[in-house]
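Undergrad:
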Ligand code: URP
Ligand code: ZN
Ligand code: ZN
Ligand code: ZN
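Numbering (the numbering used here), first residue to last: 1 to 475.
1. What residues match up with residue 444 in a beta bridge as DSSP calls it?
2. Between the Cα of residue 9 and those of 19, 2, 15, spot the shortest distance and give me the residue it belongs to.
3. For residue 55, report the span of its beta strand (DSSP E) as first-last.
4. Do you know how far the Cα of residue 11 is from the Cα of residue 383?
5. Can you name the start and end residues of the alpha helix (DSSP H) that residue 208 belongs to?
6. On a CA-only basis, which of 149, 202, 276, 98 is nearest residue 267? Give me that one, please.
7. Evaluate the contact criterion for the stretch 78-86 versus the stretch 41-49: three or more CB pairs, one atom per stretch, below 8 Å.
8. Which residues count as close to ligand 2 when the rule is a CB under 7 Å from any of its heavy atoms, in chain order?
9. Quick one: is residue 150 buried, meaning 16 or more other Cβ sit within 10 Å of its Cβ, or exposed?
10. Does the Cβ of residue 343 have 16 or more other Cβ atoms within 10 Å, making it buried, or fewer, making it exposed?
11. Indicate whether at least one CB of chain B lies closer than 9 Å to the CB of residue 267.
12. For residue 302 and residue 340, I'd like the C-alpha separation in whole angstroms.
13. Around the C-beta of residue 218, are 16 or more other C-beta atoms found within 10 angstroms, so that it is buried, or is it exposed?
14. For residue 401, which residues in the same chain have their Cβ closer than 6 Å to its Cβ, ignoring the five residues on either side in sequence?
15. With DSSP as the reference, label residue 412 as helix, strand or coil.
16. Using the C-alpha atoms, what's the distance from residue 161 back to residue 211?
17. Could you name the residues that DSSP lists as bridge partners for residue 279?
18. Using the rule of at least 16 other Cβ atoms within 10 Å of the residue's Cβ for burial, across every protein chain shown, is residue 487 buried or exposed?
19. Is the distance from the Cβ of residue 89 to the Cβ of residue 141 below 9 Å?
20. Measure the C-alpha to C-alpha separation of residue 101 and residue 133 and round it to an integer number of angstroms.
21. Helix, strand or coil for residue 398 per DSSP?
22. What I want to know is whether the C-beta of residue 339 ends up closer than 8 Å to one or more non-hydrogen atoms of ligand 4.
23. Report yes if the C-beta of residue 287 is less than 8 Å from at least one heavy atom of ligand 1; otherwise report no.
24. Rounded to a whole number of angstroms, what is the C-alpha to C-alpha distance between residue 31 and residue 464?
25. Return the residue from the list 59, 86, 95, 54 that minimises the CA-CA distance to residue 70.
26. What distance in whole Å lies between the Cβ atoms of residue 338 and residue 415, which are believed to be in contact at a cut-off of 8 Å?
27. What's the gap between the Cα of residue 334 and the Cα of residue 323?
28. Under the three-state reduction of DSSP, which class applies to residue 124: helix, strand or coil?
29. Please state the DSSP three-state secondary structure of residue 452.
30. Run the CB neighbour count on residue 460, radius 10 Å, all protein chains shown included, and call it buried at 16 or more, exposed below.
31. With a cut-off of 8 Å on the beta carbons, I'd call residue 148 and residue 458 a contact; round off their distance for me.
32. Going by other Cβ atoms of all chains shown within 10 Å of its Cβ, with 16 needed for buried, is residue 37 buried or exposed?
33. Leaving out five residues on either side along the sequence, give the residues of the same chain with a beta carbon under 6 Å from the beta carbon of residue 372.
34. Hey, out of 289, 431, 125, whose CA is closest to residue 192's CA?
35. Measure the Cβ-Cβ separation of residue 14 and residue 417 and say whether it is below 9 Å.
36. By alpha-carbon positions, which one of 433, 435, 411, 405 ends up nearest to residue 421?
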């Protein structure tokens with residue numbers, strides 16, 4: 001492999017902003033310094049650009065069966081769109097089926113990605129039940145497969161939902177293995193009641209998706225999960241936090257020393273509940289669970305990112321075409337497939353709406369979009385930073401260029417864009433995965449199947465890292 005040199009760019013990490021050259025050899029960052037020209041075969045001029053570590057999207061659903069259909073992006077289109085947007089690693093959710101070996105589901109997910117992914121990828125594993133078979137499989141899934149995050153759904157009754165006993169036992173097992181437990185925190189039982197009540201009363205429009213999933217129910221489930229995590233002594237990660245009630249529960253638990261972390265998504269920062277009330281069936285485009293909230297929640301979410309009470313941004317990319325998929329819910333809002341396409345725009349939206357509007361700093365941006373995800377999901381320092389020895393997953397970013405978000409120009413395999421018409425400032429110009437260009441001057445130059453599976457490390461608890469109070473050698 002040839003050596004590449006990135007010159008004249010401003011390197012931005014979660015900690016620092018500085019100007020230096022980056023020398024890449026065999027896909028790894030070999031040197032950071034000055035006057036490295038002689039060692040390079042190819043020089044890339046990054047004048048006026050930021051040199052960011054590649055984005056890490058900790059929350060995607062590619063080629064996933066859900067709501068009577070399958071998500072529109074597979075590992076080829078989904079990871080290609082991710083790369084265009086500045087993301088160089090994803091962690092996708094592997095679904096499991098009760099009564100079936102977990103290993104079968106993992107093998108099926110490997111088959112979805114193999115030969116298709118253009119960037120590196122790992123898997124989280126859904127836990128729907130705890131029994132002797134599941135408990136017997138988990139140690140090798142964590143240690144050998146490198147799947148170090150387990151996902152429990154507290155909602156989607158009669159589909160994915162697990163009860164509190166299952167959640168708690170998953171936490172106990174995960175803690176032993178150094179795995180993190182992730183939750184979709186909504187009270188699925190109450191939601192199911194509210195949905196049936198609304199339908200009985202003849203309320204079938206998309207807005208009822210939001211009205212039957214009030215924010216208090218997300219807050220309640222978030223608090224319940226945090227309390228169970230405290231009792232189990234487990235590490236908890238709450239996915240797609242949307243509202244003040246949930247932020248408050250996370251902040252309170254963290255204040256009590258509970259090992260709990262929170263993710264939000266661009267859609268909750270930028271869009272609001274009014275989108276669901278658009279005339280006709282248009283609102284179906286904006287059906288996510290948890291739902292978009294009243295606008296007042298947006299400021300709470302931004303402030304939580306700024307203050308560190310929420311730490312990450314996932315896209316929750318779960319794309320369904322408006323024509324042919326979302327319309328499964330015409331005449332019954334509860335049958336609209338839940339989710340939307342965000343994998344491509346996550347990075348630029350956070351930069352444009354966050355950094356450019358003064359809501360977060362440039363270094364916080366890098367932390368939220370990349371570094372914190374690498375650390376929480378067992379990928380750091382291989383991924384998530386610009387440092388000697390790290391994979392050369394790099395985004396060369398033009399902070400002044402603008403892009404109009406639109407289905408006309410996006411690369412996601414879906415017929416609408418929820419942010420249609422929004423002008424963002426800041427564009428990933430070139431994107432490298434392990435030193436190879438995937439995107440060069442906004443053109444795709446990657447290769448299907450070049451993405452590698454990421455075995456992730458378990459986490460190390462605070463007590464494990466505390467210095468041993470007893471001297472090892474008797475003095
Ligand atoms: O509506 C959503 N969020 N769809 C994806 C599945 C999930 O709950 O994350
Ligand atoms: Zn969810
Ligand atoms: Zn009513
Ligand atoms: Zn999701």
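Backbone N, C-alpha and C fix where the C-beta goes; we use that ideal spot for every residue, glycine too.
TA: Inspection of the coordinates gives the following:
1. Walking along the chain shown from the start, residue 444 turns up at place 444. For residue 444, which the question treats as bridged, DSSP gives the partners 439.
2. Sequence index remark: in the chain shown, residue 9 carries index 9 (1-based). Among 19, 2, 15, the Cα nearest to that of residue 9 is on 19.
3. Position 55 of the chain shown holds residue 55. That run of the beta strand (DSSP E) goes 55-60.
4. Here the question's residue 383 lines up with position 383 in the chain shown. Here the question's residue 11 lines up with position 11 in the chain shown. Straight-line Cα distance between these residues: approximately 15 Å.
5. On the chain shown, position 208 is the one that residue 208 refers to. It spans 207-211 - the alpha helix (DSSP H) in which residue 208 sits, taken as one unbroken run.
6. Numbered from its first residue, the chain shown carries residue 267 at position 267. It is 276.
7. no
8. 153, 184, 239, 240, 289, 316
9. Position 150 of the chain shown, counting from 1, holds the residue named residue 150. Under this definition residue 150 is a buried residue.
10. As a position in the chain shown, residue 343 is number 343, starting the count at 1. Flag for residue 343 reads buried.
11. You won't find chain B in this structure, because it holds only one protein chain.
12. For the purposes of this step, residue 302 is identified with residue 302 of the chain shown, where counting begins at 1. For the purposes of this step, residue 340 is identified with residue 340 of the chain shown, where counting begins at 1. Going from the Cα of residue 302 to the Cα of residue 340 covers about 21 Å.
13. What you label residue 218 is simply residue 218 of the chain shown in a count that begins at 1. It counts as buried.
14. If you number the chain shown from 1, residue 401 lands on position 401. The answer, listed in chain order, is 427.
15. If you number the chain shown from 1, residue 412 lands on position 412. Correct three-state label for residue 412: coil.
16. Here residue 211 corresponds to residue number 211 of the chain shown, with the count starting at 1. Here residue 161 corresponds to residue number 161 of the chain shown, with the count starting at 1. Going from the Cα of residue 211 to the Cα of residue 161 covers about 20 Å.
17. Translated into positions along the chain shown, residue 279 becomes position 279. In DSSP, residue 279 forms no bridge with anything.
18. Residue 487 cannot be examined here, being either before or after the span of the chain that is shown, 1 to 475.
19. The count along the chain shown starts at 1 and reaches residue 89 at position 89. The count along the chain shown starts at 1 and reaches residue 141 at position 141. Not in contact: residue 89 and residue 141 (Cβ atoms no closer than 9 Å).
20. By 1-based counting over the chain shown, the position of residue 101 is 101. By 1-based counting over the chain shown, the position of residue 133 is 133. Each residue's alpha carbon lies about 8 Å from the other.
21. Indexing the chain shown from 1 puts residue 398 at position 398. DSSP places residue 398 in strand when its eight states are reduced to three.
22. Counting from one through the chain shown, the residue named residue 339 turns up at place 339. For ligand 4, at least one heavy atom lies less than 8 Å from the Cβ of residue 339.
23. As a working mapping, residue 287 is identified with position 287 in the chain shown. Yes - ligand 1 has a heavy atom lying nearer than 8 Å to the Cβ of residue 287.
24. Here residue 31 refers to the residue found at position 31 when the chain shown is read from its first residue. Here residue 464 refers to the residue found at position 464 when the chain shown is read from its first residue. Answer to the nearest angstrom: the Cα atoms are 32 Å apart.
25. Walking along the chain shown from the start, residue 70 turns up at place 70. Looking at the Cα atoms, 95 is the closest of the given residues.
26. By 1-based counting over the chain shown, the position of residue 415 is 415. By 1-based counting over the chain shown, the position of residue 338 is 338. Actually they do not touch by this definition, with Cβ atoms about 17 Å apart.
27. Position 334 of the chain shown, counted from the first residue, corresponds to residue 334. Position 323 of the chain shown, counted from the first residue, corresponds to residue 323. One C-alpha to the other measures close to 17 Å.
28. The residue you call residue 124 lines up with position 124 of the chain shown. Reduced to three states, the DSSP call for residue 124 is strand.
29. Working through the chain shown from its first residue, we reach residue 452 at position 452. Coil at residue 452, not helix or strand.
30. Along the chain shown, one-based indexing puts residue 460 at 460. Per the 10 Å Cβ criterion, exposed.
31. Position 148 of the chain shown, counted from the first residue, corresponds to residue 148. Position 458 of the chain shown, counted from the first residue, corresponds to residue 458. So it is a contact: roughly 5 Å between Cβ atoms.
32. Position 37 of the chain shown holds residue 37. Flag for residue 37 reads exposed.
33. Here residue 372 refers to the residue found at position 372 of the chain shown. Around residue 372: 311, 312.
34. For the purposes of this step, residue 192 is taken as the residue at position 192 of the chain shown. Closest by alpha carbon: 289.
35. Mapped onto the chain shown, residue 14 falls at position 14. Mapped onto the chain shown, residue 417 falls at position 417. It is not a contact, given that the beta carbons lie outside the stated cut-off.
36. Walking along the chain shown from the start, residue 421 turns up at place 421. Here the closest residue by C-alpha is 405.
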